[in-house]
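UniProt numbering numbers the first residue of the sequence shown as 1 and each following residue consecutively.
Heads up, the beta-carbon is just placed ideally off N, CA and C, and yes, glycines get one too.
Below is one structure, written out as structure tokens, with a few remarks after it.
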Amino acid sequence: MRPCGLPTVPRWWVRWPAQVWQVTRQRFVRRSYLNLLLVFVPLAIAAVVTPMAPDIVLTFNFLAIIPVSGLVHLAGEDLSANLSRTHGKLLVAFSDNLVELVVGIVALCKGEIYLVQVSVIGSSLCYSLLIMGSCFLAHGMRNYLCGAMCIALYAIIALAAFLEP
Numbered sequence: 001m002r003p004c005g006l007p008t009v010p011r012w013w014v015r016w017p018a019q020v021w022q023v024t025r026q027r028f029v030r031r032s033y034l035n036l037l038l039v040f041v042p043l044a045i046a047a048v049v050t051p052m053a054p055d056i057v058l059t060f061n062f063l064a065i066i067p068v069s070g071l072v073h074l075a076g077e078d079l080s081a082n083l084s085r086t087h088g089k090l091l092v093a094f095s096d097n098l099v100e101l102v103v104g105i106v107a108l109c110k111g112e113i114y115l116v117q118v119s120v121i122g123s124s125l126c127y128s129l130l131i132m133g134s135c136f137l138a139h140g141m142r143n144y145l146c147g148a149m150c151i152a153l154y155a156i157i158a159l160a161a162f163l164e165p
């Protein structure tokens, strides 16, 4: 007992939240500062449940999905450590596209066909043009040239992305 009559060890309702906050800070916040956007997850749920303006709901959901997709990727990598190499890579690839899959399924269930089409086209353009283009740019900056085969491959990928839908 302290001289003022208070116990030296805090009660469980003080000690437990402090321990939870310490573990949360070590595992999530220090890993990536984008995880601070997890504050918007309950706000996004509350914005959907309560009648709010659609632009506020969109903003909260947009800010909430950024750290959630990162945590889904992290969970996929942690789970794949216990699997074989092939199954692990398959799980990581599936968990990386899980957010797009959920958005597509929810939009399809609500009859938003145009949103599903735009989502598929957007992900195709992102994965084929943006990422491959970035790879070609990085290769060209390192080697100071990109041969005719690289340019031809880039053109074929761009054409395939536009003809896919």
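query, result
"Exposure label - A75; buried when at least 16 CB within 10 Å", "exposed"
"For M132 and F62, the rounded distance between their alpha carbons", "25 Å"
"Distance CB(A160)-CB(L125) smaller than 8 Å", "no"
"Within 8 Å, strictly: CB atoms of A64 and L34", "no"
"Same chain, Cβ closer than 7 Å to residue 166, neighbours up to 5 away in sequence not counted", "Examination of residue 166 is not possible in this model, given that the chain is present from 1 through 165 alone."
"Where the alpha helix (DSSP H) through L34 begins and ends", "Per DSSP, L34 belongs to no alpha helix (DSSP H) and is neither H nor E."
"Distance CB(G88)-CB(S95) smaller than 8 Å", "no"
"Endpoints, the alpha helix (DSSP H) within which P67 is located", "P54 to S80"
"Range covered by the alpha helix (DSSP H) that runs through C109", "L98 to C109"
"Nearest-angstrom Cβ-Cβ length linking residue 208 and L91, presumed shorter than 8 Å", "This structure does not reach residue 208, given that the chain is present from 1 up to 165, and the question cannot be answered."
"Reduced DSSP category for T50 - H, G, I as helix; E, B as strand; rest coil", "coil"
"Anticipated Cβ contact below 8 Å, V116 with G104, distance rounded", "5 Å"
"CB of W56 within 8 Å of CB of A46, strictly", "Reading the sequence as shown, one finds Ile at residue 56 and not Trp. Going by C-beta atoms, I56 is not nearer than 8 Å to A46."
"Segment limits, alpha helix (DSSP H) that includes Y114", "I113 to L125"
"Contacting residues, own chain, Cβ-Cβ under 8 Å from S128 (five flanking each side not counted)", "I157, A158, A160 and A161"
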